[in-house]
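Right, one structure below, let's go through it.
Residue numbers (this note's numbering): 3 to 110.
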């Protein structure tokens with residue numbers, strides 16, 4: 003359950019009152035949670051299922067300043083609907099799967 007590499011990356015683009023963003027999280031292949039090397043060492047039946055494979059999770063977001071007091075924001079998290087690893091609730095993605103959000107901010 004401990005990958006050799008976890009990489010968090012983000013890119014944001016701003017133009018006047020509009021912004022777009024991308025956030026990504028990469029996790030290298032790792033042993034499935036709850037397994038130890040002693041449990042499958044020398045057993046070829048565990049060779050493939052023991053590893054998660056590497057994964058990327060992608061989130062996209064935007065902001066629009068409609069006025070000095072109103073901002074619209076939204077996004078799409080886990081855009082490609084990456085599923086959690088077997089036996090994990092939150093890695094590399096949560097159990098909710100892909101979800102979109104939209105909101106308003108009001109400033110006084």
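A virtual CB, placed ideally from N, CA and C, is assigned to each residue, including glycine.
In terms of Cβ geometry, residue 109 and residue 95 do not form a close pair [threshold 7 Å]. Only buried fits residue 27, as 16 or more other CB atoms lie within 10 angstroms of its CB. For residue 15, the secondary structure class from DSSP, reduced to helix, strand or coil, is strand. Of the candidates 32, 19, 15, 32 places its Cα closest to the Cα of residue 8. Remark: C-beta atoms of residue 24 and residue 62 approach each other more closely than 7 Å.
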